[in-house]
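Student: Counting in our numbering, the sequence shown runs from 260 upward without gaps. All residues carry an ideal CB built from backbone N, CA and C; glycine is no exception. A quick note: this is a predicted structure, and the numbers were derived from the prediction, not measured.
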Amino acid sequence: MISRASFLAVLVVAGLSTPSAVALAAADCMVRIAEWPVRISHGNKLLIDGAINGQRVDVALDTGSMLTLIMRSEAQRLGLKPSSTRGRISGAGGESTVEQVLVDEVRIGEATRKDWNMLVAGEQDMKGEFSMLLGDDFLQHVDIEFDLPDNAIRLYRSSSCGNASLAYWAANDVGEAAIEPFNETKPRIFVSVQINGEPVRALLDSGAANSLLNKSIAARLGMEPGEPGVVAAGRVRGVGKSELNAWVAPFQSFVIGSEKLKEIAILFADLPADLPMLLGADFLRSHRVLVAHSQRKIYFSYAGGPVFQLGNYDAAMWMNPRNAEALLSRGDAAYRTRDYDSAISAYDAALRSNPQLAEALVGRGNAWRAKGDLDRAVADYDVAVRIDPKNASAYANRGAARYQSKDYERALRDLDRAIEIDPRFAQAYVVRGNLKRSMGKGESVVADYVHAIEIDPRLAAAYNGLAWELAASERPNVRDGRRAVESALKACELTGWKNPDYIDTLAAAYARAGDFDAAVKWQRKALDTGIEGYEEATQRLHQYEQGKAFPP
């Protein structure tokens, strides 16, 4: 890595020749010094008008880049000949050689600078998408507002603002997040977020088309390629030659400041170790954001649309509208957000492109099952297992659908087959345990739940199923109140105490253990939380109030 001081031309707004128009923002301590119309490219880049030596170019605003530079493929197109090599930089996709070139004149918006020794880097052919990156070495000297719903970027000079809110556009519902202390050698905008309750450092990167989580962080949170719910999502590129494989995975929650998202899908890829997460252009498009370098914080308010666009699917289909894998990924993403109609539409398109794509049939079957159409779901699973007789997910989901239809014997055969194909299919053991309970096969129900927990110690459904069997089994020799309470507590902890069915199980476990005060307390909590089967849950409450477990 080369020394920033050795080549970086000092560039601040005061160093540019700008028109004299200056406007005050709502906060008296803020002075607007520029407003740039912004366009968003097919690749989700934020572009403003510029020119290099009189030739019009698109300038991409990239808070994730520490350096302002000209892309190498564009330097060649513009006839610029670098005079020297200055080292290397690294980023997503590997390293790039950095060269230097003297540019007679650069225009950014309405501002100009002459005789600028600029850097040239980047190994990808940009194919005219943009020519120049305006990096954080420039942007750190101003407060910058991203008002993408109004297609505007605004720059401010702020002074003596103290702790006053600079989010002048709204009085309420404005989030704040502190920017990490400034690093002179690596000027970047890092904030702290939480994913599934775990703190993660996130780089605000307007140059990233989509927000990305580091693959190592996703793995730490239990999401790796090959795990249930994780699907391939194409490839992403950065400054280096290599493109990176990307995946998408479901996460329970994402928190930044006071804003919390639940059941959210996020892309992840094998990013450099110093980039735990990128908050990309999708985040900026869905919010109004002010990066207040003057206060070392960002302000943001939700403006609408998806916070995390899974746009790699859209980009893949833009290049090839019949890309079956991309359509499959789009369907999976829609399914995770419970947009079942959109999911079915995407799976339909994937199957038109590739009728032998078993995973699309499984996905469409899951969507039909979520909508309550079990016949269509089973029909899709039937075709999937004919295409791929070793597709454990097809068998397991068909078993679950047949279980819902009370077709117990065939459901059991399907689940047995799924587990035979994939002995570590934890969810299949849970569904089979539930099924066996309904069939009165109590002797092996506990074993299925225990096996699921051994495979996946964070599978809440397995703990809940085990707790209910230990608390409420029809077989007195299976009942164990103490173990039931332990397992039910674990299920509630894993789901943040927000699943009323699991709280209902905890009440039954306490009753079986003889602690009826706790049973009454938690059964009332389950009722207050909105449990389904309200009448039956109320009857259980009356039993606990009378000092009776369920069943007696």
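Quick check: A767 and R799, are their CB atoms within less than 8 Å of each other?
Tutor: Within the sequence shown, numbered from 1, the residue matching residue 767 stands at position 508. Within the sequence shown, numbered from 1, the residue matching residue 799 stands at position 540. Contact flag set, yes.
Student: From V459 to Q511, what does the alpha carbon distance come to, in whole angstroms?
Tutor: Start at 1 with the first residue of the sequence shown, and residue 459 comes out as number 200. Start at 1 with the first residue of the sequence shown, and residue 511 comes out as number 252. Distance between the alpha carbons of V459 and Q511: 14 Å.
Student: Compare the beta carbon distance of A730 and G740 with 8 Å and say whether it is the shorter of the two.
Tutor: Taking the first residue of the sequence shown as 1, we reach residue 730 at position 471. Taking the first residue of the sequence shown as 1, we reach residue 740 at position 481. The answer is yes: Cβ separation under 8 Å.
Student: Excluding the 5 residues flanking P810 on each side, which residues of the same chain have their C-beta closer than 8 Å to its C-beta?
Tutor: As a first step, residue 810 is located in the sequence shown; it is residue number 551 there, counting from the start. Excluding residues within five positions, the ones whose Cβ falls inside 8 Å are A731, E733.
Student: Could you say if the stretch 525 to 533 and the stretch 400 to 411 meet the contact criterion of at least three C-beta pairs nearer than 8 Å?
Tutor: no
Student: Grouping DSSP H, G and I as helix and E and B as strand, with all else coil, what is T371?
Tutor: Against the sequence shown, residue 371 aligns to sequence position 112. It is a strand residue.
Student: Sorted by chain position, which residues of the same chain lie with C-beta nearer than 7 Å to E826's C-beta, five sequence neighbours on each side aside?
Tutor: Summary: the structure shown does not reach residue 826, with the chain confined to residues 260 through 811, and so no result is reported for it.
Student: Just reading off the beta strand (DSSP E) that S512 is part of, what are its end residues?
Tutor: Stepping through the sequence shown from its first residue, residue 512 is reached at position 253. Where S512 is concerned, the enclosing beta strand (DSSP E) stretches over 502 to 515.
Student: Would you mind stating whether E618 and L587 have Cβ atoms separated by less than 8 Å?
Tutor: Counted from its first residue, the sequence shown places residue 618 at position 359. Counted from its first residue, the sequence shown places residue 587 at position 328. Less than 8 Å separates the beta-carbon of E618 from that of L587.
Student: Assign Y572 to one of two classes, buried (16 or more other C-beta atoms within 10 Å of its C-beta) or exposed (fewer than that).
Tutor: Position 313 of the sequence shown, counted from the first residue, corresponds to residue 572. Note that Y572 scores a pLDDT of 46, beneath 50, so its modelled location is shaky and nothing firm can be said.
Student: Go through its chain and collect everything with a Cβ distance to A687's Cβ below 6 Å, but skip five positions before and after it.
Tutor: Sequence index remark: in the sequence shown, residue 687 carries index 428 (1-based). Same-chain partners within the cutoff: A655, L674, A677, I678.
Student: Between the C-alpha atoms of Y662 and D308, what's the straight-line distance to the nearest angstrom?
Tutor: Residue numbering aside, residue 662 sits at position 403 when the sequence shown is read from its first letter. Residue numbering aside, residue 308 sits at position 49 when the sequence shown is read from its first letter. The straight-line gap from Cα to Cα measures roughly 60 Å.
Student: Could you tell me the boundaries of the beta strand (DSSP E) in which W295 lies?
Tutor: In the sequence shown, residue 295 corresponds to position 36, counting from 1. That run of the beta strand (DSSP E) goes 289 to 296.
Student: For L719 versus A711, is the C-beta spacing smaller than 8 Å?
Tutor: Working through the sequence shown from its first residue, we reach residue 719 at position 460. Working through the sequence shown from its first residue, we reach residue 711 at position 452. Note that residue 719 corresponds to Ala in the displayed sequence, not to Leu. No, these two residues do not count as a Cβ contact at 8 Å.
Student: I believe L392 touches L328 by the beta-carbon criterion, under 8 Å. Please report the beta-carbon distance rounded to the nearest angstrom.
Tutor: By one-based count along the sequence shown, residue 392 stands at place 133. By one-based count along the sequence shown, residue 328 stands at place 69. Between L392 and L328, the beta carbon gap of about 5 Å places them in contact (Cβ cut-off 8 Å).
Student: What distance in whole Å lies between the Cβ atoms of C288 and S475, which are believed to be in contact at a cut-off of 8 Å?
Tutor: By one-based count along the sequence shown, residue 475 stands at place 216. By one-based count along the sequence shown, residue 288 stands at place 29. Beta-carbon to beta-carbon, S475 and C288 are separated by about 41 Å, too far to satisfy the 8 Å threshold.
Student: Over what stretch of residues does the beta strand (DSSP E) that includes K556 continue unbroken?
Tutor: In the sequence shown, the residue the question calls residue 556 occupies position 297. In the DSSP assignment, K556 falls within the unbroken beta strand (DSSP E) covering 556 to 561.
Student: Can you say whether N625 is buried or exposed, counting buried as having 16 or more other CB atoms within 10 angstroms of its CB?
Tutor: Here residue 625 refers to the residue found at position 366 when the sequence shown is read from its first residue. Its Cβ being crowded by 16 or more others within 10 Å, N625 is buried.
Student: May I have the straight-line CA-CA distance separating A574 from R645, to the nearest angstrom?
Tutor: Indexing the sequence shown from 1 puts residue 574 at position 315. Indexing the sequence shown from 1 puts residue 645 at position 386. In this prediction, A574 has a pLDDT of 39, which is less than 50 and means its spatial position is unreliable; what the coordinates show is noted afterwards. Their backbone Cα atoms lie some 32 Å apart in a straight line.
Student: Secondary structure at I712, three-state DSSP: helix, strand or coil?
Tutor: The count along the sequence shown starts at 1 and reaches residue 712 at position 453. Reduced to three states, the DSSP call for I712 is helix.
Student: Could you spell out where the alpha helix (DSSP H) holding I790 opens and where it closes?
Tutor: Counting from 1 along the sequence shown, the entry for residue 790 is found at position 531. Run containing I790: none; DSSP gives neither H nor E here.
Student: So for A719, helix, strand or coil by DSSP?
Tutor: Walking along the sequence shown from the start, residue 719 turns up at place 460. Residue state, collapsed to three classes: helix.
Student: Taking a contact to mean a Cβ-Cβ separation below 8 Å, would you say S390 touches E333 in this structure?
Tutor: Within the sequence shown, the letter at position 131 stands for residue 390. Within the sequence shown, the letter at position 74 stands for residue 333. For S390 and E333, yes; Cβs fall inside 8 Å.
Student: Mind checking T344: buried by the 16 CB within 10 Å criterion, or exposed?
Tutor: Along the sequence shown, one-based indexing puts residue 344 at 85. Result: exposed.
Student: Could you say which of R315, D396, T356, A370 lies nearest to E382 if we only look at CA atoms?
Tutor: Working through the sequence shown from its first residue, we reach residue 382 at position 123. Comparing Cα-Cα distances from E382 to each of R315, D396, T356, A370, the minimum goes to T356.
Student: Measuring straight from C-alpha to C-alpha, what distance separates I603 and L620?
Tutor: Translated into positions along the sequence shown, residue 603 becomes position 344. Translated into positions along the sequence shown, residue 620 becomes position 361. Whole-angstrom Cα-Cα distance: 10 Å.
Student: Going by beta carbon distance, what residues of the same chain come within less than 8 Å of D760, once the five residues before and after it are set aside?
Tutor: On the sequence shown, residue 760 is found 501 positions in, with the first residue counted as 1. Closer than 8 Å at Cβ, skipping near neighbours: N723, A785, I790, E791.
Student: Pick out whichever of P341, R291, T322 has its Cα sitting closest to the Cα of R331.
Tutor: Position 72 of the sequence shown, counted from the first residue, corresponds to residue 331. Taking only the C-alpha atoms, the option nearest R331 is P341.
Student: If you drop the 5 nearest sequence neighbours on each side, which residues of the same chain put their C-beta closer than 6 Å to that of R672?
Tutor: Residue 672 sits at position 413 when you count from the first residue of the sequence shown. Around R672: no qualifying Cβ.
Student: What residue range does the alpha helix (DSSP H) around A478 cover?
Tutor: As a position in the sequence shown, residue 478 is number 219, starting the count at 1. Unbroken alpha helix (DSSP H) run through A478: 474 to 479.
Student: Closest to I311 by C-alpha separation, out of Q782, R623, A461, A370, would be which residue?
Tutor: In the sequence shown, counting from the first residue as 1, residue 311 sits at position 52. Nearest option by C-alpha distance: A370.
Student: Rounded to whole angstroms, what is the Cα-Cα separation between L337 and F513?
Tutor: As a working mapping, residue 337 is identified with position 78 in the sequence shown. As a working mapping, residue 513 is identified with position 254 in the sequence shown. Spanning the two alpha carbons is a distance of roughly 43 Å.
Student: Starting from F542, trace the beta strand (DSSP E) both ways and give me its first and last residue.
Tutor: The count along the sequence shown starts at 1 and reaches residue 542 at position 283. Counting along the chain, F542 falls outside any beta strand (DSSP E), though it belongs to the alpha helix (DSSP H) covering 540 to 544.
Student: Around the C-beta of H400, are 16 or more other C-beta atoms found within 10 angstroms, so that it is buried, or is it exposed?
Tutor: In the sequence shown, counting from the first residue as 1, residue 400 sits at position 141. Looking at its Cβ environment, which holds 16 or more other Cβ atoms inside 10 Å, H400 is buried.
Student: Three or more C-beta pairs closer than 8 Å, one from the stretch 768 to 781 and one from the stretch 739 to 754: is that the case here?
Tutor: yes
Student: How many whole angstroms separate the CB atoms of Q554 and L463, which I take to be in contact at a CB cut-off of 8 Å?
Tutor: Sequence index remark: in the sequence shown, residue 554 carries index 295 (1-based). Sequence index remark: in the sequence shown, residue 463 carries index 204 (1-based). Not really, about 15 Å apart at Cβ, beyond 8 Å.
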